[in-house]
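Reading through the structure tokens given below for one structure.
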Amino acid sequence: HAKQQGRNGYRFFEHAMNADVQLQMQLQQDLRQAIDNNELVLHYQPKFKAPNGPMIGLEALIRWQSPEHGFMTPDRFLPQAESSGLIVPIGNWVINEACRQMKVWSDQGHNDCSVAVNLSAVQLQHISLVEVVDTALEVHELTPTQLVLEITESTAMHDAETSLKVLNNLSALGVSISIDDFGTGYSSLLYLKQLPANELKIDRGFITELAQGNDDEAIVQAIIALGKTLGMRIVAEGVETSEQQSLLTQLGCDTLQGYLLGKPVPAEVLFTSVKAELGEELAAEKAVALTP
Ligand code: C2E
Ligand code: MG
Ligand code: MG
Ligand code: MG
């Protein structure tokens, strides 16, 4: 009996595993078509000057609206995109689409804010990325300061020599480099010092329990001091409460981003949705900041 059960259990497991492998393979296959089928879309999350405005930038965050798999955030398909190399064409699409949209906003008068694009490690392994960015800026008539490229410490650590060369070339174009999820990687301060970075984003992990009387306050304070010493602008990500908002401001954080101030939304509803979520009074204030 036990043997029989064990067998069935094994078969069941094998079956479930096959189904999962098949789903992953199907996902990757479908992702290959996603660009051509117009299934990829960028949502945008605002960055605000601390404590509550004006808006100084927008971060582009990719989503995949698949007829087969439904609406997906990047955790569902970025790993496949990265392991298959599809992240290169997808990443190029993101850069171009974000620049195209930024040009539209810029022409509408929102020309004092920038758009940020996240980069994967694989993208930084290709020197051709510099040409892609340069061309996108030219085609969409943006000034380089209107584009920010967000990398993580680990992204930059992956074949550090090539990454550093690509980053230096990107920086030479005049675009800003931002270090995302700071504090979660393993890069040395020596390496960090070499990066041509203009912005440092404190990882949400240090923000979540901030203002609850733990070590996070001291850590955040130290990160702010470090970033400022290296001449970087400091952004806190994942700000969800007004306590975090005021403490971060008090600690000298320049820029705030998080659900409290604005969630990622599709481009077409961005300016209206910021208003809707803030409530009318703040919205009126913000509208002044957002409207040219
Ligand atoms: P990230 O760049 O660190 O972006 C922040 C993530 O946290 C986003 O998740 C955002 O929706 C979420 N977030 C923002 N504010 C809050 C908050 O107050 N609370 C909480 N709980 N979450 C918040 P999302 O959009 O799922 O993106 C996840 C990650 O995927 C990004 O992390 C980024 O590393 C990557 N990613 C997104 N778009 C792209 C892209 O176009 N290319 C590449 N290579 N990576 C991307
Ligand atoms: Mg980011
Ligand atoms: Mg981040
Ligand atoms: Mg992240």
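In full-length UniProt numbering, the protein residues as written are 407 to 698. Each residue gets a CB set at the ideal place from its N, CA and C atoms; glycine is no exception. Please read all numbers here as calculations on a predicted model, not as lab measurements.
Check the C-beta distance from K607 over to D622 and give it rounded, since I have them as a contact under 8 Å.
Here residue 607 refers to the residue found at position 201 of the sequence shown. Here residue 622 refers to the residue found at position 216 of the sequence shown. Actually they do not touch by this definition, with Cβ atoms about 15 Å apart.
If you count every other CB in all the chains shown that lies within 10 Å of the CB of V427, and 16 or more means buried, which is it?
Translated into the one-based positions of the sequence shown, residue 427 becomes position 21. V427 comes out exposed.
So, using beta-carbon positions, are Q471 and F477 closer together than 9 Å?
Walking along the sequence shown from the start, residue 471 turns up at place 65. Walking along the sequence shown from the start, residue 477 turns up at place 71. Yes. Within cutoff.
Our contact map puts K453 next to Q663 with C-beta atoms below 8 Å; I'd like the distance itself, whole angstroms only.
Here the question's residue 453 lines up with position 47 in the sequence shown. Here the question's residue 663 lines up with position 257 in the sequence shown. Right, the Cβ-Cβ distance comes to about 5 Å (below 8 Å), so this counts as a contact.
Just grab the DSSP bridge partners of S520 for me.
On the sequence shown, position 114 is the one that residue 520 refers to. The secondary-structure analysis by DSSP pairs S520 across a beta bridge with G463.
With H, G and I counted as helix, E and B as strand and the rest as coil, what does DSSP make of Q663?
For the purposes of this step, residue 663 is taken as residue 257 along the sequence shown, with counting starting at 1. Coil at Q663, not helix or strand.
According to DSSP, simplified to helix, strand and coil, what is S582?
Locating residue 582 in the sequence shown gives position 176, where the first residue counts as 1. In this structure, S582 counts as strand in the three-state DSSP scheme.
Is it buried or exposed, G633, if we count other Cβ atoms within 10 angstroms and call 16 or more buried?
Residue numbering aside, residue 633 sits at position 227 when the sequence shown is read from its first letter. When all chains shown are included, G633 counts as buried.
Between E448 and A522, is the Cβ-Cβ spacing less than 9 Å?
Translated into the one-based positions of the sequence shown, residue 448 becomes position 42. Translated into the one-based positions of the sequence shown, residue 522 becomes position 116. The question names Glu, but residue 448 in the sequence shown is Leu. It is not a contact, given that the beta carbons lie outside the stated cut-off.
With three or more beta-carbon pairs closer than 8 Å as the criterion, would you say the segment 429-448 touches the segment 653-661?
no
Between the beta-carbon of N604 and the beta-carbon of M563, is there less than 9 Å?
For the purposes of this step, residue 604 is taken as the residue at position 198 of the sequence shown. For the purposes of this step, residue 563 is taken as the residue at position 157 of the sequence shown. Taking 9 Å as the Cβ cut-off, N604 and M563 do not qualify as a contacting pair.
Among E649, V528 and M508, which residue has its Cα nearest to the Cα of T551?
Position 145 of the sequence shown holds residue 551. Answer by Cα proximity: M508.
Indicate whether I533 and P495 have their beta-carbon atoms separated by less than 9 Å.
To locate residue 533, count along the sequence shown from 1; it is residue 127. To locate residue 495, count along the sequence shown from 1; it is residue 89. Contact: no.
In angstroms, rounded to a whole number, what distance separates the CA positions of Q529 and N620?
On the sequence shown, position 123 is the one that residue 529 refers to. On the sequence shown, position 214 is the one that residue 620 refers to. Taking the straight line from one Cα to the other gives about 38 Å.
At a threshold of 8 Å, does A542 count as lining ligand 2 (C-beta to nearest heavy atom)?
Indexing the sequence shown from 1 puts residue 542 at position 136. Taking non-hydrogen atoms of ligand 2 into account, the C-beta of A542 is found less than 8 Å away from none of them.
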